[in-house]
Amino acid sequence: MELTSLTIPELRQKLQSGELRSREIIDQLAARVEAVDPKLKAYLHLDADKARAAADTANTALPLGGVPIAIKDVINVEGDPCTCASKILQGYTAPYDATVITKLREAGAVLFGRTNMDEFAMGSSTENSSWGITRNPWDLDRIPGGSSGGSAAAVGGHEAFAALGTDTGGSIRQPAALCSCVGLKPTYGRISRYGMVAFASSLDQIGTFTKTTEEAALLLEIISGHDPRDNTSIDRPVPKYTASLGQGVKGLKLGVPKEYFIEGIDSEVEKAVRAAIEEYKRQGAEIVEVSLPHTQYAVAVYYIIATAECSANLARFDGVRYGKRAQNPKDILDMYGRTRAEGFGAEVKRRIILGTYVLSSGYYDAYYNRAQKVRHMIAEDFRLAFEKCDALLTPTSPTPAFKIGERTQDPLQMYLADIFTIAVNLAGICGVSIPCGFTSNKLPIGLQIIGPKWGEETMLRVAHTYEQATPWHKEKPPI
Amino acid sequence: MADPVPSSESIDVTYVADLARLRLSPDEIATFQKQLADVLGYVSQLTEVDVSHVSLLGDAELKNRLRTDEVQPSLSVERALANAPKQENNLFVVPRMIE
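Protein chains in written order, with my numbering: chain A, 851 to 1329; chain B, 60 to 158.
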């Protein structure tokens, strides 16, 4: 088996036995990137020599000692670029490490490359990157999903062992499903966001891309925890998530929300998810039907709240303190207006306009306040559902990866790509997407497992049980 | 339930762009006008939901987290200015604002 197809526990075993040195891992991974990334374009920036130097001093006794991890271009790594795939941050160098980066370093990880994304994490296909399109490792004519499409394509294409991403409305789980990886979005507040460039602060959460559930659990226990620098991170003990795996699902109740099997869902996706539900029955879980009656409103609520928050968060990109500034401004307003016009791409502008509009005088109650109230009802739906079951099973994405360019002219169609993932962010709960099969033309399909707030242990246990009983996560991409 | 939902024609993209300090081209204005009307049409379905019983008084789980106001190590002036488009005497330089 090729080294780049190994999992983190397999790498660690070889590192600790002395069979492999960390530098060889970097060499082979960099060679794989050189071979496939001209086609995939998952990476925006990679300094392999810097990674080699870090590998040489890595302490392999640590939990991630000598293991390379790729980072979405929205998280600050001191001394690296952090452009959020936006022209407005071209040339920006991160002056400090995000807390998740500090934690990865403390665990011995080697930081390896910056991955592509939709500009400021706004999108579902990575086509909104200012630096070019990332392609799906299973079919180069198709999108990898988004917004963390670079992280998903890198892990799915075996040019990263694991990667960090961010998930505001599905930006980890949807691309993970489309690229056949495990994509984990933890409970809101589980992980510090200090050093992550904010998009929608009441929804954003950092999470992971891995080949397996065990690796997701391992990374989660390393990067979780309260951070005095992010007061939205919650002070709760971090369980040993890896210890919750391997217990099976006997005695658990798994809910299937009827609203997630709707008209418009791809028939092969539905078939694969229904088959996964049958597998859980065989494994001894009790399957119960539940209802989340406000599901149909999630996308509408999201596009009010997320755009409102983004219009405020992106006000900081004004050409004053960092990033691009328009040439020869005639006054300060001219500088703001042209800097932002030249620096932001179309989708970011569209969302800033929509967000500014829904917050503007006279419309605030009709849009923003109403959306917040419906959001509350969506969260209540989940709370009531979790009185009847331990976790929920749904498709991650209504369709497999679509063709590049297919939805770029129709923003609303693009927004509907996240129809099954968005409600989880609105409710602040946790979700994970795991591989659950392929379509007849070999495109990956994802199963989403949703847990209540702080329900990661049970959720990962449920994910792991299915993964151990099925072969999907072992399939190698054609690239 | 009585919140008015404005009709799509009433969005003045030029005015909103000005609020957002975003200069748009005439082409962008025309494109966004149409696309945003579609999105607002879609989100208008929220008027169907009876939200009269929902209060937004906040989550009981959330508590203020206070700390003593002490000076902590932080970014040096030099590093904070390292990405500035224009700087002088440890300050960010911008075009004149007040005549």
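Ideal Cβ positions, reconstructed from N, Cα and C, are used throughout, including at glycine.
### Query
How about the segment 1028-1039 of chain A and the segment 915-931 of chain A: do they share at least three Cβ pairs that are nearer than 8 Å?
no
Fill in: Beta-carbon proximity of A/E1009 to A/V886, cut-off 8 Å
The count along the first sequence starts at 1 and reaches residue 1009 of chain A at position 159. The count along the first sequence starts at 1 and reaches residue 886 of chain A at position 36. Yes, the pair counts as a contact, with Cβ atoms nearer than the cut-off.
At a Cβ threshold of 8 Å, is A/I1112 touching chain B? Position 262 of the first sequence, counted from the first residue, corresponds to residue 1112 of chain A. No, its Cβ sits nowhere closer than 8 Å to a Cβ of chain B.
*For A/A1251, which of A/L1276, A/Y1091, A/F1194 and A/L990 has the nearest alpha-carbon?*
Translated into the one-based positions of the first sequence, residue 1251 of chain A becomes position 401. Closest by alpha carbon: A/L990.
Quiz item: Under a CB-based cut-off of 8 Å, is B/N148 close to chain A?
Solution: Position 89 of the second sequence holds residue 148 of chain B. By this cut-off, B/N148 is not an interface position.
Burial state of B/I157, where buried means 16 or more other Cβ atoms lie within 10 Å: As a working mapping, residue 157 of chain B is identified with position 98 in the second sequence. Counting the other Cβ atoms within 10 Å of the Cβ of B/I157 gives fewer than 16, which makes it exposed.
Taking only beta-carbon atoms, is B/P132 less than 8 Å away from chain A? Here residue 132 of chain B refers to the residue found at position 73 of the second sequence. It does not; no Cβ of chain A falls within 8 Å.
**Three-way DSSP call (helix, strand, coil) for A/L1104 in this model** = Against the first sequence, residue 1104 of chain A aligns to sequence position 254. If DSSP states are grouped into helix, strand and coil, A/L1104 belongs with the strands.
At a cut of 8 Å, does the segment 1200-1207 of chain A reach the segment 1231-1250 of chain A through at least three beta carbon pairs? Pairwise C-beta distances place the segment 1200-1207 of chain A out of contact with the segment 1231-1250 of chain A, as fewer than three of them are shorter than 8 Å.
* Shorter than 8 Å from the beta carbon of B/L116 to some beta carbon of chain A? -> Walking along the second sequence from the start, residue 116 of chain B turns up at place 57. No, because no Cβ of chain A sits closer than 8 Å to the Cβ of B/L116.
Which listed residue (A/L1243, A/T1249, A/I1272 and A/A904) has its alpha carbon closest to that of A/A1125: Taking the first sequence and counting its residues from 1, one reaches residue 1125 of chain A at position 275. The residue with the shortest Cα to Cα distance from A/A1125 is A/L1243.
Exercise. Since A/R964 is in the beta strand (DSSP E), which residue starts that stretch and which ends it?
Worked result: Position 114 of the first sequence holds residue 964 of chain A. Counting along the chain, the beta strand (DSSP E) containing A/R964 begins and ends at V960 to T965.
Q. So which residues on chain B does A/N1081 lean against when the C-beta distance must stay under 7 Å?
A. On the first sequence, position 231 is the one that residue 1081 of chain A refers to. Correct list: R124.
| query | Using the C-alpha atoms, what's the distance from A/L1104 back to A/P918? | reply | Locating residue 918 of chain A in the first sequence gives position 68, where the first residue counts as 1. Locating residue 1104 of chain A in the first sequence gives position 254, where the first residue counts as 1. Spanning the two alpha carbons is a distance of roughly 35 Å.
Name the residues in the segment 943-955 of chain A whose C-beta lies less than 8 Å from a C-beta of chain B; which are they? T943, P945 and Y946
- Task: Determine the direct distance from the alpha carbon of B/H112 to that of A/I993, and round the result to whole angstroms.
- Result: Within the first sequence, numbered from 1, the residue matching residue 993 of chain A stands at position 143. Within the second sequence, numbered from 1, the residue matching residue 112 of chain B stands at position 53. Their backbone Cα atoms lie some 42 Å apart in a straight line.
query = Which residue spans inside the segment 1007-1053 of chain A form an unbroken beta strand (DSSP E) run of at least 3?
reply = 1012-1017 and 1032-1035
Query raised in the report: Mind listing which residues of the segment 92-110 of chain B have their C-beta closer than 7 Å to chain A's C-betas, in chain order?
Result: Residues Q94, L95, D97, V98, Y101, V102, Q104, L105, V108 and V110.
Notebook entry, point to check: So which residues on chain A does B/A89 lean against when the C-beta distance must stay under 8 Å?
Noted result: For the purposes of this step, residue 89 of chain B is taken as the residue at position 30 of the second sequence. Result: empty, since nearest Cβ-Cβ is about 13 Å, beyond 8 Å.
Under 8 Å (Cβ pairs) to chain B, residues found in the segment 1164-1181 of chain A: A1165, D1168, G1169, V1170, R1171, Y1172, G1173, K1174, R1175, P1179, K1180 and D1181
Open item on the list: If the cut-off is 7 Å on Cβ atoms, which residues from the segment 1195-1209 of chain A count as contacting chain B, listed in chain order?
Closed with: K1199, R1200, I1202, I1203, L1204, T1206 and Y1207
* **Sequence-distant residues of the same chain with beta carbon closer than 7 Å to A/A1319, five excluded per side** => As a working mapping, residue 1319 of chain A is identified with position 469 in the first sequence. E1129 and Q1133, listed in sequence order.
- Query: So what's A/A1241 in DSSP terms, helix, strand or just coil?
  - Reply: The sequence position of residue 1241 of chain A within the first sequence is 391, counting from 1. Here A/A1241 sits in strand by DSSP.
Cβ closer than 8 Å: which chain A residues qualify as neighbours of B/V75? Numbered from its first residue, the second sequence carries residue 75 of chain B at position 16. Under the 8 Å cutoff, chain A gives I1203, T1206, Y1207 and S1210.
Beta-carbon separation (whole angstroms), A/P1245 vs A/V1119, contact threshold 8 Å:
The residue given as residue 1245 of chain A occupies position 395 in the first sequence. The residue given as residue 1119 of chain A occupies position 269 in the first sequence. Sure, about 5 Å apart at Cβ, within 8 Å.
key: Contact check, A/S1283 vs A/L1266, beta carbons under 8 Å   = As a working note, residue 1283 of chain A is residue 433 in the first sequence. As a working note, residue 1266 of chain A is residue 416 in the first sequence. Contact: no.
Practice item. Measure the beta-carbon distance from A/V1088 to A/G1075 and round it to whole angstroms, keeping in mind my assumption that it falls under 8 Å. Key: For the purposes of this step, residue 1088 of chain A is taken as the residue at position 238 of the first sequence. For the purposes of this step, residue 1075 of chain A is taken as the residue at position 225 of the first sequence. So it is a contact: roughly 5 Å between Cβ atoms.
How many angstroms separate the CA atom of A/I938 from the CA atom of A/C1160?
Within the first sequence, residue 938 of chain A is the residue found at index 88, counting from 1. Within the first sequence, residue 1160 of chain A is the residue found at index 310, counting from 1. The alpha-carbon atoms of A/I938 and A/C1160 are separated by roughly 15 Å.
### Query
Buried or exposed: where does A/Y1038 fall if 16 or more other Cβ atoms within 10 Å of its Cβ makes it buried?
Along the first sequence, read from residue 1 onward, the residue named residue 1038 of chain A stands at position 188. Buried is the call here.
For this session: Quick one: grab the DSSP three-state call for A/G1255.
Result: Within the first sequence, the letter at position 405 stands for residue 1255 of chain A. Annotated three-state conformation of A/G1255 is coil, per DSSP.
**Prompt:** How about A/Q1024 and A/D1268: are their beta carbons less than 8 Å apart?
**Reply:** By one-based count along the first sequence, residue 1024 of chain A stands at place 174. By one-based count along the first sequence, residue 1268 of chain A stands at place 418. Yes; because the gap between Cβ atoms is below 8 Å, this pair is in contact.
**Report entry** B/P63 versus A/I1072 - alpha carbon distance
**Finding:** For the purposes of this step, residue 63 of chain B is taken as the residue at position 4 of the second sequence. For the purposes of this step, residue 1072 of chain A is taken as the residue at position 222 of the first sequence. The predicted model places B/P63 with a pLDDT of 49, which falls under 50 and marks its position as unreliable, so this point remains unresolved.
ask   = With a CB to CB cut of under 8 Å and the five nearest residues on each side skipped, what residues in its chain are close to A/D906?
value = Translated into the one-based positions of the first sequence, residue 906 of chain A becomes position 56. S872 and R873, listed in sequence order.
Check: Can you tell which of B/N123, B/E137 and B/N142 has its C-alpha closest to the C-alpha of B/K149?
Finding: Position 90 of the second sequence holds residue 149 of chain B. Note that residue 149 of chain B is Asn in the sequence shown here, rather than Lys. Looking at the Cα atoms, B/E137 is the closest of the given residues.
Note to self: Any beta carbon from chain B within less than 8 Å of A/L853's own beta carbon?
What the structure shows: Taking the first residue of the first sequence as 1, we reach residue 853 of chain A at position 3. Under the 8 Å criterion on CB atoms, A/L853 is classed as non-interfacial with respect to chain B.
Terminal residues of the continuous alpha helix (DSSP H) containing B/K93?
Counting from one through the second sequence, the residue named residue 93 of chain B turns up at place 34. Looking at the DSSP string, the run of the alpha helix (DSSP H) that includes B/K93 is P85 to V102.
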